[in-house]
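Q:
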Amino acid sequence: MATGSRAAPARMIPAGTLDTASAALDPGPDSTSASRWRRVLGVVGNNADEPASDRILRRLGSTFAIAGMIAAVVELPEIADQSRFAPLGWTVLAFALAFGWSPVLAIASVGMSRRVIQAVAGTAAISYLVAMALIPFAYRQPVTDATSVWLYRVFALGVLAAALAWRRPIAVCYLVFGGAVAAVANMDVVPHGTNWSLLSDFARSVGLCALFLWCAVYARAAAARVDRESAIASSRAAAVAGAAARDRERARFAALIHDAVLSTLLDASRTGTDSPVLRKQAERTLAQLDELRGGGTEPDRLNAQAAVGFLRAAVHEVNQGIVFGARRWSGVDDLRLPVDAAGTIAAALAEAVRNSLRHATVPGRAVQRAVTVTVSAGGIRVVFRDDGAGFDPAKVPVDRLGISVSILGRMRRLPGGAAFVESQPGEGTSVTLVWGSDG
């Protein structure tokens, strides 16, 4: 395994790739102009992280726009028939004010920003009110063969546009005010109108459109609630991740203090004189402290030294008397052991130690137990051995889960992990835990 750094092999780049990359890194005037126009028009790109409130606004905008265009086609015969009682120019103007913004809203809902969609919807709602308010001045004579003017029947389009454009209180005010305007205009144009028919027209238009308004407002409120819950969940996840990172850094620091600082101070107190070995150990400890302060390692992975300290702490937490040794191969600085993998290995190792303390005792003599950790750039190998009573693995009852689940099963579920248990009666036991990186 090479210890030095090697130059990365050259890659052949297909023809045309360099030109494309250069164009992407150095946008020309056309690209700048396009970006400027995109900002002016409020065009947004594909964004998978778009808030739920914006997504539902787009879907509602597209739905309401399509409904408006369908209503225009359905009402066209009635509009043509009632145009006999009003100037043609006013009919065209009213048709444009009532339905002309539907295609614009459909386009805006596809790729433009929330601000643009709401602006178009608000303009459409106001345009509908303007067209309705002009009815008494446009019709030269009452519409004798109709039960209602055509604009009265499409009042829901204005209410839906208001639900998109404004907050709920304003949209409700629009519903009440627009319903009153529509009822008055309808009574003025359609003959034999009475006060009772005016109240009936108002109740009919407001009652029907209130249902549409409630659906639109509820959908937007639900999407906003999803955004709030997502933000809370993200904040909690960030807090948990931060706490976990602080715990890992605290464990690394504690391991460094135990393994390097305290041992250096202990050797210094014992030696009492200047020692080249002690001087080198102190220099190495200071370098490790500088590296820890600099935070050069990845927060969710352990390097060789941190991994060894982590496993040593797990073993000595079970029993301080177990001998712990480590061997490092060349290139160990390249080890990046995931924290989750380190936790799994430490848990399996601690279970092996506990099993040995429970079952490997030999009457009349002390059982020797030792852990050896071998670290390389590509992985880590942990071996726990004892010279105790030993056992026959084939005769272990199936309900004894210490080996099958807590050691073998745990390492089997770890990506890149493996475990082996070797033992014979009277010959002691050896537990080997292995982890290797994928790449």
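If you read the sequence shown in the numbering used here, its first letter stands for residue 766, the second for the next number, and so on. C-beta: ideal position from N, C-alpha, C; glycine also. Small disclaimer: the values here were computed from a predicted structure and weren't measured.
Which partner residues does Val-1186 have in the DSSP bridge list?
A: Val-1196
Q: According to the neighbour-count rule (16 or more other Cβ atoms, all chains shown, within 10 Å of its Cβ), is Gln-1133 buried or exposed?
A: exposed
Q: So, with DSSP's three-state summary, where would you put Arg-1146?
A: strand
Q: My guess is that Ser-827 and Ser-874 are in contact by the Cβ rule of under 8 Å, so how many angstroms apart are they, rounded?
A: 4 Å
Q: Quick check on Gly-1090: does DSSP put it in helix, strand or coil?
A: strand
Q: Closest by CA to Glu-843, which one among Ala-928, Val-914, Tyr-939 and Val-885?
A: Val-914
Q: Per DSSP, Thr-912 is paired with what?
A: Per DSSP, none; premise fails for Thr-912.
Q: Would you mind giving the Cβ-Cβ distance between Leu-899 and Val-885, rounded to the nearest angstrom? I have them listed as a contact below 8 Å.
A: Not a contact, Cβ separation roughly 21 Å.
Q: Taking the alpha carbon of Arg-824 as the reference point, which residue from Ile-882, Val-1186, Trp-979 and Thr-1197 has its own alpha carbon closest?
A: Closest option to Arg-824, Cα to Cα, is Ile-882.
Q: Am I right that Gly-830 and Ser-867 are in contact with their C-beta atoms under 8 Å? What's the rounded C-beta distance?
A: It should be pointed out that residue 830 corresponds to Ala in this sequence rather than to Gly. Going by Cβ atoms, the distance from Ala-830 to Ser-867 rounds to 5 Å, so yes, they are a contact pair.
Q: For the stretch 1110-1121 and the stretch 1170-1187, state whether three or more C-beta atom pairs, one from each stretch, are separated by less than 8 Å.
A: yes
Q: Quick one: is Arg-1150 buried, meaning 16 or more other Cβ sit within 10 Å of its Cβ, or exposed?
A: buried
Q: When you compare the stretch 938-946 with the stretch 848-867, are there three or more beta-carbon pairs, one atom per stretch, that lie closer than 8 Å?
A: no
Q: Alpha carbon to alpha carbon, how far is Ile-997 from Ser-1169? Give it in angstroms, no decimals.
A: 40 Å
Q: Once DSSP output is grouped into helix, strand and coil, what is the label at Arg-1066?
A: strand
Q: With 16 other CB atoms within 10 Å as the buried threshold, where does Ile-1155 fall?
A: In the sequence under discussion, the amino acid at residue 1155 is Gly, which differs from the Ile named in the question. Counting other Cβ atoms within 10 Å of its Cβ, Gly-1155 reaches 16 or more and is therefore classed as buried.
Q: Buried or exposed: which applies to Asp-1105, given that a residue is buried once 16 or more other Cβ atoms fall within 10 Å of its Cβ?
A: exposed
Q: What is the DSSP secondary structure of Arg-1134, reduced to helix, strand or coil?
A: strand
Q: Okay, do the stretch 926-934 and the stretch 945-957 touch, 3+ Cβ pairs below 8 Å being the bar?
A: no
Q: Could you pull the DSSP bridge partners for Leu-1102 from this structure?
A: Leu-1067
Q: Using the rule of at least 16 other Cβ atoms within 10 Å of the residue's Cβ for burial, across every protein chain shown, is Ser-965 buried or exposed?
A: It is exposed - the Cβ of Ser-965 has fewer than 16 other Cβ atoms within 10 Å.
Q: Identify whether Val-954 lies in helix, strand or coil by the three-state DSSP scheme.
A: helix
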